[in-house]
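Residue numbers (full-length UniProt numbering): 1 to 213.
Shown next as structure tokens:
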């Protein structure tokens, strides 16, 4: 990550070159405990469905430079799909020193299966893990709804970019998206494994090669 002045997100485009940007806004940003009516399949998509977009769309993802946010300065986000209504989706914040990320080296092999190939026990374990996340205190960073609001937090303007107080952070369309999303899936899978007390747990993926499912 550069420490010098970082270019504005709205970079100039080369003449005649088309960029397709991704917008993760939804029609409703009301993440409440009443959202249990959402199907298990939609829960799966909510958590990591967007990650498969780039692999199947054939479109170009813009890699505009972006500076990181100051996590201590979170403010109301804006849901443009709901007439500009302001919503609160700030993550829990701690002033404690951030530990450097070190990948787990437990030697355990995790195999991610396509969702339609899961057996009954694997489906039930996945559903139970989601339920355990939902039952955590609302202030717990591992809580399902805290994890779900991550799209509101980093796509709808909860943070400004450091050095650019008038430029909202939009993680999509920037060079941070790929590592950001990989970290998100990595830790989401770890949370489920911890709650299930199963170090071998692996999240399934949706196989778009199986249209009948």
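Every residue, glycine too, gets a C-beta built ideally from N, C-alpha and C.
Out of the options, point me to the one whose CA is closest to residue i's CA.
i	options	result
residue 104	189, 210, 211 and 204	189
residue 89	125, 68, 137 and 147	147
residue 139	100, 198, 125 and 94	94
residue 206	109, 99 and 117	117
residue 154	211, 135, 123 and 181	181
residue 109	99, 201 and 130	201
residue 74	100, 152, 211 and 130	152
residue 172	122, 156, 211 and 194	156
Using the rule of at least 16 other Cβ atoms within 10 Å of the residue's Cβ for burial, across every protein chain shown, is residue i buried or exposed?
i	result
residue 102	exposed
residue 191	buried
residue 83	exposed
residue 86	exposed
residue 170	buried
residue 203	buried
residue 183	exposed
residue 43	For residue 43, the pLDDT reaches just 45, beneath the cut-off of 50, and the residue's location in the model is therefore unreliable, although a value from the coordinates is still provided. The residue in question, residue 43, is buried, as its Cβ has 16 or more Cβ neighbours within 10 Å.
residue 120	exposed
residue 150	buried
residue 72	exposed
Assuming contact is defined by CB atoms lying nearer than 9 Å, are residue i and residue j in contact in what I supplied?
i	j	result
residue 162	residue 70	yes
residue 92	residue 165	no
residue 175	residue 65	yes
residue 97	residue 199	no
residue 76	residue 128	no
residue 144	residue 133	yes
Determine which residues share a DSSP beta bridge with residue i and list them.
i	result
residue 77	87
residue 69	161
residue 114	205
residue 168	160
Legend entry - Inter-stretch contact at 8 Å, needing at least 3 Cβ pairs: the stretch 176-184 / the stretch 113-120: no
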